[in-house]
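Here is the structure we will look at.
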Amino acid sequence: MPPSSIAAPLLAWYDAHQRVLPWRARHGTAKANPYYVLLSEFMLQQTTVATVLGYFPRFIERFPDVNALAASPLEDVLSLWAGLGYYARARNLHKAAVAVVEHHHGRIPNTEALLRQLPGVGAYTAAAIAAIAFDEAATVVDSNVERVMARLHNIDTPLPTAKKQLTQLAATHTPQRRPGCYAQALMDLGSRVCVSGVPRCGVCPIITSCAAQALGTAATLPRKKPKTLRPTRHGTAFVLFRAHDDAVWLRPRPASGMLGGMLEVPGTPWLEHDTADMAPAAYMPMAIPFTPLNKPVEHIFSHFRAVITVSTARTDEIPPDAGAWYALDTVPTLALPTVMKKILKRSIAL
DNA sequence: GATTCGTGGAA
DNA sequence: TTTCCAAGAAT
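Now the structure itself:
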C-alpha cells in the first residue's frame, strides 16, 4: 500500500470530526487568519489545547493584529502570558511581531523558509504556519506526528534519536492537495485517536495502513530515552506588605533566563541545599522582623522541584531593593509566574 | 546530542 | 503519590 494512501481517509475523517477552535478556519474554503495561526502555534508549544483556550481569546482581544502586538510593551505581553509557562515564548512572540512589522510590512511571512527565521519559530512551527495559514505542502512534525509515524511504520528506535527518520517518513505522506487540513488532521488524530499510552485503534481511519497495529506493538511506541530525575532546590522568599495599605513589594527578574522578564517576590537564590535557616538580613536587611510561615511552598518546574520557605513582614519602610509596591487587587493583572502567585496566596492566607 | 526552559491534567 | 505528557525552541 503506497504511503499516500493515508491522506484521503485522514482528510475524510478530519472533515467529519475536526474540532472547532478559535484560531482555525471555519469548515469549508474560508482561510485561517495567519496572525491567529501564528499566535496559537506559539501558545501550543508544549501546551495543551484546553489550556490555550483560556488564553487565546484574551490575547486577540488585547492584541487584535500583529501591529497591535508589536506596538505594545513586552510587559503587557508577559502579563497576559502569566501562568502559561515557558516565558521565552512570550518574549520571542513579541520579537517576532516586531520583525513582521519591520521586515514584512506587517504581514505574516507566507513561506516555511521565511517563517523559520522568526524568533521562537523552529522547524515545527514554521511548517505548521505555512501549512495551516497558507496551505503550503510543508511537513509538520510534532510529538503527535512522531507517535503516529512511529506506529504506522513500527519504528522501534527511541526518541529523540528516531526524530530524523520519523520526519523523513512523515514527509512521504504529505499531500499536495489540502496540506493545511492534512497537517491538522494528523495532529488531531494523534491527540484524539492515536494517543500516547493505549491508542483507540477501533476508531482509527488509517488502521489498515498501520504496521504497529498489525504487529500488536502500538501501545509500546514510540519508545523514548529515559529522563533524568528532577532535583530539589531550596530558597526563601520575603513577602513585604506595606503597613498602611497592604501593597506588596515585587521586583523584576532579569530579562533572560528562567521566568525572564517576569515579576517576583524578592528572595534568596534557589540552591541545592536547604536555605530555611539563612538569615533574611543578608538578602533583605531591614529594621523589622520577618515571620516565617510553617509550611514551605512547593512548586514543580520543568527541570527541578522548588521548596520555598516564605517569610513575611509588615512595614512602611522602603525596602533596600530594586522593585516597587503593587496594590494587592492588581495581582491578577501582573506578570507574575504561578510560583510567585502561590507564594503570595500563602502569605495572605494567614 | 544534551540542557534549559512552566504548567496543569491524566494515567 | 509519582510519573508522564502536551501543536518545541534555543543554546
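Quick note: the first sequence, position 311, residue 435 per my numbering, numbers continuous. Every residue, glycine too, gets a C-beta built ideally from N, C-alpha and C.
Endpoints, the beta strand (DSSP E) within which residue i is located
i, result
"V479", "As shown, the chain starts at 125 and ends at 474. That puts residue 479 outside it, with no answer to give."
"L374", "372 to 376"
"S357", "A quick correction: the sequence has Arg, not Ser, at residue 357. Where R357 is concerned, the enclosing beta strand (DSSP E) stretches over 356 to 366."
"E260", "Premise fails: E260 is in no beta strand (DSSP E) and is neither H nor E."
Buried versus exposed call for residue i [16 or more other C-beta atoms within 10 Å across all chains shown]
i, result
"L313", "buried"
"L458", "buried"
"I424", "exposed"
"R213", "buried"
"S380", "exposed"
"G244", "buried"
"E260", "buried"
"S129", "exposed"
"M125", "Because M125 sits at a pLDDT of 43, beneath the cut-off of 50, its placement in the model cannot be relied upon, and the point is left open."
"N268", "buried"
"A473", "exposed"
"P461", "buried"
"P420", "buried"
"P329", "buried"
"R143", "exposed"
"E236", "buried"
"L290", "buried"
"P188", "exposed"
Chain-order list of residues whose beta-carbon lies under 7 angstroms from that of residue i (same chain, five-residue window excluded)
i, result
"A411", "E441"
"A131", "H297, P299, Y306"
"R182", "L204"
"T352", "none"
"T341", "N278"
"D398", "H358"
"P478", "The structure shown does not extend to residue 478, since the chain spans only 125 to 474, so no value can be given for it."
Limits of the unbroken alpha helix (DSSP H) element including residue i
i, result
"S435", "Where S435 is concerned, there is no enclosing alpha helix (DSSP H), although the beta strand (DSSP E) it sits in stretches over 429 to 439."
"W205", "198 to 205"
"A448", "First-last for A448: 448 to 450, but that is the beta strand (DSSP E), not the alpha helix (DSSP H)."
"I467", "462 to 472"
"H227", "212 to 227"
"V272", "267 to 276"
"I184", "180 to 186"
"H423", "Careful: H423 lies outside any alpha helix (DSSP H), inside the beta strand (DSSP E) at 421 to 424."
"S164", "158 to 168"
"Y407", "No alpha helix (DSSP H) contains Y407, which DSSP labels as neither H nor E."
"M311", "303 to 316"
"H141", "131 to 141"
"T175", "173 to 176"
"T296", "287 to 297"
"Q337", "335 to 339"
Residue i vs residue j beta-carbon contact at 9 angstroms
i, j, result
"G384", "I432", "no"
"T263", "A274", "no"
"I467", "V327", "no"
"W373", "Y248", "no"
"L208", "R186", "no"
"M386", "M311", "no"
"C325", "Q308", "no"
"V190", "A221", "yes"
"L447", "P376", "The amino acid at residue 447 is misidentified as Leu; the sequence shows Gly. For G447 and P376, yes; Cβs fall inside 9 angstroms."
"R148", "I256", "yes"
"S471", "Y210", "no"
"V225", "A254", "no"
"C318", "R354", "no"
"L238", "D370", "no"
"G304", "F365", "no"
Same chain, Cβ closer than 8 angstroms to residue i, five either side skipped, listed in chain order
i, result
"L395", "R357, H358, G359"
"F414", "F362, P404, M408, S435, T436, A437"
"C334", "R275, L276, C325, C328, A342"
"I331", "C325, Q337"
"E108", "It is not possible to answer for residue 108, since the shown part of the chain is limited to 125 through 474."
"D445", "W373, R375, P390, M408"
Other residues of its chain near residue i: CB distance less than 6 angstroms, five sequence neighbours each side excluded
i, result
"H218", "L198, V201"
"I184", "none"
"T439", "A367, I412"
"P323", "A342"
"A294", "T263, V265, V269, M273"
Quick one: any contact between the segment 232 to 243 and the segment 155 to 164, if contact means 3 or more CB pairs under 8 angstroms? yes
For the segment 291 to 309 against the segment 342 to 349, do three or more pairs of beta-carbon atoms, one drawn from each stretch, fall closer than 8 angstroms, so that the two count as touching? Segments in contact, no.
Three or more C-beta pairs closer than 8 angstroms, one from the segment 164 to 172 and one from the segment 131 to 139: is that the case here? With fewer than three CB-CB distances shorter than 8 angstroms, the segment 164 to 172 does not count as touching the segment 131 to 139.
Count the C-beta pairs between the segment 165 to 179 and the segment 280 to 288 that are closer than 8 angstroms, then say yes if the count reaches three, no if not. Below 8 angstroms, too few C-beta pairs join the segment 165 to 179 and the segment 280 to 288 to call them touching: fewer than three.
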